[in-house]
Structure formats: C-alpha cells, structure tokens
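For my numbering, add 27 to where a residue sits in the sequence shown, where the first one is 1.
Below you'll find the structure, written out as structure tokens, and then a few comments.
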Amino acid sequence: MASFKLADHPKLPKDKILALVVLDGWGEANPDKYNCIHVAETPTMDSLKQGAPEKWRLIRAHGTAVGLPSEDDMGNSEVGHNALGAGRIYAQGAKLVDKALASGKIFDGDGFNYIKDSFETGTVHFIGLLSDGGVHSRLDQLQLLLTGSADRGAKKIRVHVLTDGRDVLDGSSIGFVETLENHLTQLRQKGIDAQIASGGGRMYVTMDRYENDWEVVKRGWDAQVLGEAPYKFKSAVEAVKKLREDTKANDQYLPPFVIVDENEKAVGPIVDGDAVVTFNFRADRMTMLAKALEYENFDNFDRVRYPKIRYAGMLQYDGELKLPNHYLVSPPEIERTSGEYLVHNGVRTFACSETVKFGHVTFFWNGNRSGYFNSEMEEYVEIPSDSGISFNVQPLMKALEIGEKARDAILSRKFHQVRVNIPNGDMVGHTGDVEATVVACKAADEAVKMIFDAIEQVGGIYVVTADHGNAEDMVKRDKKGQPQLDKNGNVQILTSHTLQPVPIAIGGPGLAAGVRFRKDVPDGGLANVAATVINLHGYEAPSDYEPTLIEVADA
C-alpha cells in the first residue's frame, strides 16, 4: 500500500481555498472569425491573458503529452482529465491497443479466448465507430481484429458500423465503408462469411454517454440485435450514400439501417451463442451499450430479446463497475492520483459539472475510478444536462448553474478544493455551429467570473485551464493555414478537437507573493498541472509526478 503522506511545501501555506476550473474544449489559436473564443465576449479569460505574464502560459494537451501515440493525435476529455488528475503520463487507449495488436498479445489474452469459444458455431459481431479519427476507435485496428479473428477460427463475422463526421470530416463515412467492404471481400475470398450487418450515425445511434438519452442506444440495439430499422439496404455503401442524400442527415446523425439479403431478411442480428466485441477503445460512448449487452437486470429500454452472448469490450470501460467483465486489452492502471493524495492529506474536495462532463471531473480525474476516496472528505455534484436536443439549441448549457454550485461551495468554506468542468466550448463546438459556440464561450466566461468573485471573497486561489482545444478553431485549414473550401466553394467547418495548446492561469488574493510560472518547463503539459495544484495546497508533489509549473521567487 502506497504511503499517501505528502511533505509540506517549504514556502507555500496550507488551507487556502482553491478553485480549479477546467474549460472544456478551450484552446489557444490565432484570432480570426472562426476562433469562437476570440469572437466571444470573454472579459474574464481575456484579463488573465493580458494580466501578469508570469501567471498565464500555454501547456500541451494532445499527442504524447497525454499518452497518445503521436503528435498528430488530438487530445480528448478522457485522456486530458486522466493526465490532469494523475500527474503522470500513461499510455492511453489507442496506444495500448496498438501495442497489444503489434505484439499479438491481444489474441492470447483472456478476453479474446472468451469470445473465441463462439467461433465454431456462432457469429462474431464487431460494433463501433468506423473512422480513422483516433479519438474513439481506428479503422486499421478493426481490420487487424477482423483478420486476427478469421485466422483464429471465426467462420462468420458481422460488422455493425457507426458513422463519424465529428472527429473526422463529414462525408468521409463513404470512404471508410468502402475500405471496410474491400477488407471483408478479401476475407470472403478465404471462405469466411464476413459482411456489414447494420449502421447509423454516432450521435443518433448507439453512442450516447452518461445516460443522457437511452433512445440513442435503443435505436442501435434494434438494428444490431433485433435486425430491425426504418431503412433496409442490400449494401452499406448504398445505405450511407442514399441516406445522406435522401434524409439530408450528416454522418453524425444518419438514421439506423440494416443490411438485408435477397429475401429482405436482416443478414446479421445478434442471437444466442454469438460473440460481440465493441471495438471503441474510448470508454464514455460505449458504456451504455455495454450495460445493455451485459446486464441481465436492465430497465432503461425494452430490449425485446436479451441474447445469451459472449461479450468483450476493446478495453474495460469502467473499472469500478467492472464493465464489461471481459475485455481484449487491459486499461492503464492509474493509481496514486492527485485527488487521492490530497484527500489523504486532509484536503476537503468538491467536484461538479453537468451530466455530459461529470464523469471527467470525477471518474477520469481519479484514474478511471468511480466513487469517493473518502465520502466524509468529498462531495460530487452532477447537474442534469439538457437531453433530447442538440447543444447548439441551448448553448448556455448549465454553465451558470455550475458556476453557482462552485460559488456556493467556495463561500460555504467547507472545502479546500472546488473543482469544476465547464463543458460549453467543447459540446457546442462539436455541433459545428459557429454562432452558437460564440454564445457558449461567453457563458463559460461568465461562469468563471462567478467563481473568481467567490474566491476573491474568501481570500482564495484559482487555477483555470482546459483539457484540449475545440472552440478556438472551427474551420478546416489548408497547408497555409487558410480556411479550406469544399467543391462548392463553401468553408469546411471543423467539428473535432484540435492540436492547439491550452491556457493555464493562476491568481487570487490567496496566492502567495512571488509565485509565478517557471521558465524551465517549456514543454509542460496537462500532466504538470497536478503537481502545480498540490503545491498551491501547501504540499510537495510526489517525486514521480511530472514537475510543477510554478516556483516561488524570493521577495
């Protein structure tokens, strides 16, 4: 058992109230009309940047800084909050899967051996996001899984595709489906019965998260398990092309469809004796489906049929819930997170966000762990997100409610750390609605102001940062950095995260004199924030944490 006793910081006092604010999807980019943070009225965040230069800087939030394979990998909220909370960089999602596939270990593990028992007499189904975006899944990993399964005895394979258009360009789904079809054709030439069985857009079918809207999962269940959907096609390429054209839906919102044979019968419903793999490596948008596949007692929607299957996730999506029970690749084991250290050292903690990001300031922050470290020392508050609408319809989201909860927690003086995630920049940014994202950024700034005002009243400290970029650049750019146009001459809107750095600022009346950002950690990233925060609580950080971003200059 690790010792959680932290040494006192020689120069920084304890017991100051510290507000730790994570602005989701708030990066730093050149000012132009597609930089919604720049366009929006954000006087509070602007004042930090224009204030003392030693109290504001940029940090890295993508690629290797958050444990992803390359500098081309966009950060995301999960790996971002893991790094913010853990204080160290762990190999993440895609990287873990890449290693397991490259070594072949994935095919020797308990998870694969478990599903393999269905290969002889059943069908093996693969469900997930068909994309090379690398945020939730990757097409090349799916291809390796398909080939590996066929080589190891799978006779009948069905793929249930979810189209992207969020982490990649809208319209790219057609190319991804064609690539997959070519791969399945090669498997068929080897005598494997392999084909696409169903599909739909990720935001409308299957990939909801945080139990926001179970109807999304039900639409997927009906197509994947029951073989029922409002649209039936003979081929998936035809399905995607025609649905985009006829319904005018983009890739994210394609309605569910099933592939049928010449007798109009679905080619791949999931039945007793089959195996199922959800091949997304990222947890948040697979957890609800995992519950529907795994839990015998389930009442979130009428499943009609609950097939007896062997189910494995690409990873275990929730370590605390042991969900799913079987998985192909073991998750990063993150222990001794900053939250755990601080609670063990008497730092009382309050964490809050709305539903869509509540898991980030709790579960992901605490190293993929549900629940409290010590319920007497911590309080977590979830504000229900709007459901049934796209976030650009209500771009204020729950920013002000989060601000109010944080303000009240600060003014109660019951907590030493008040930690929040304000989701607007990310969630509204993902809709591609530039005007709504401007409104969203203004709302986020107002929430920050509310929190800062409370910190002023109690003589506390604030740390404000972000988990990755999004709202600061809403347009696809060419090699010269200019907005990219489609074939009709329209600007191509960017709905994904970005590779931009994110700001971090410190301040407040409780910040000790002489505290400033160091100049000798130029490549600092999100993982450096944990040691910084531990210092500001009056403690030395554990020796294996990424170095702190601050120093105390002698007066």
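Ideal placement from N, C-alpha and C gives every residue a C-beta, glycine not left out.
In the DSSP output, which residue or residues are listed as bridge partners for residue i?
i, result
"residue 442", "DSSP lists no partner for residue 442."
"residue 578", "543"
"residue 53", "In the DSSP output, where bridge partners are listed per residue, residue 53 has none listed."
"residue 533", "490"
"residue 525", "496"
"residue 566", "35"
"residue 448", "49"
"residue 122", "Beta-bridge pairing links residue 122 to no other residue."
"residue 259", "285"
"residue 512", "518"
"residue 302", "151, 337"
"residue 504", "510"
Look at the alpha carbon of residue i and the alpha carbon of residue j, and state the distance between them as a whole number of angstroms.
i, j, result
"residue 39", "residue 553", "22 angstroms"
"residue 498", "residue 108", "18 angstroms"
"residue 474", "residue 543", "25 angstroms"
"residue 92", "residue 430", "29 angstroms"
"residue 44", "residue 369", "13 angstroms"
"residue 393", "residue 453", "21 angstroms"
"residue 123", "residue 77", "40 angstroms"
"residue 529", "residue 221", "44 angstroms"
"residue 447", "residue 572", "22 angstroms"
"residue 225", "residue 287", "9 angstroms"
"residue 271", "residue 340", "30 angstroms"
"residue 533", "residue 112", "17 angstroms"
"residue 305", "residue 292", "24 angstroms"
"residue 521", "residue 96", "22 angstroms"
"residue 178", "residue 505", "41 angstroms"
"residue 538", "residue 280", "47 angstroms"
"residue 375", "residue 402", "10 angstroms"
"residue 167", "residue 159", "8 angstroms"
"residue 423", "residue 33", "40 angstroms"
"residue 443", "residue 373", "9 angstroms"
"residue 437", "residue 75", "21 angstroms"
"residue 312", "residue 133", "22 angstroms"
"residue 385", "residue 362", "20 angstroms"
"residue 248", "residue 350", "18 angstroms"
"residue 352", "residue 338", "8 angstroms"
How would you call residue i, buried or exposed, if buried means at least 16 neighbouring beta carbons within 10 angstroms?
i, result
"residue 549", "exposed"
"residue 64", "buried"
"residue 149", "buried"
"residue 416", "exposed"
"residue 186", "buried"
"residue 299", "exposed"
"residue 395", "buried"
"residue 459", "buried"
"residue 323", "exposed"
"residue 469", "buried"
"residue 245", "buried"
"residue 251", "buried"
"residue 275", "exposed"
"residue 536", "exposed"
"residue 517", "exposed"
"residue 193", "buried"
"residue 145", "buried"
Quick one, which of the options has its alpha-carbon nearest residue i's?
i, options, result
"residue 82", "566, 138, 252, 546", "546"
"residue 289", "148, 260, 187, 159", "260"
"residue 52", "464, 277, 258", "464"
"residue 413", "382, 113, 47", "382"
"residue 135", "355, 338, 257", "355"
"residue 526", "275, 54, 367", "54"
"residue 176", "302, 564, 445", "302"
"residue 58", "501, 524, 523, 219", "501"
"residue 98", "104, 87, 319", "87"
"residue 11", "467, 130, 248", "In this structure the chain extends from 28 to 582, so residue 11 is not present and cannot be described."
"residue 379", "33, 49, 173, 519", "49"
"residue 266", "561, 319, 556, 190", "190"
"residue 119", "513, 94, 133", "94"
"residue 566", "516, 366, 482", "366"
"residue 110", "359, 419, 509, 480", "359"
"residue 227", "180, 213, 285", "285"
"residue 449", "478, 440, 462", "478"
"residue 333", "319, 427, 327, 342", "319"
"residue 316", "70, 294, 239, 208", "239"
Would the beta-carbon of residue i be found less than 8 angstroms away from any heavy atom of the ligand MG?
i, result
"residue 399", "Ligands in the displayed structure: none, and consequently the ligand MG is not present."
What are the complete alpha helix (DSSP H) segments, minimum 4 residues, inside the segment 337–420?
-> 365–371, 382–386
Can you list the alpha helix (DSSP H) stretches of 4 or more residues lying completely in the segment 124–162, in chain order?
-> 137–143
Would you list, in sequence order, the uninterrupted beta strand (DSSP E) runs of no fewer than 3 residues that lie entirely inside the segment 172–198?
-> 183–190
Ranges of the alpha helix (DSSP H) found wholly within the segment 61–101, counting only runs of at least 4 = 63–66, 70–77
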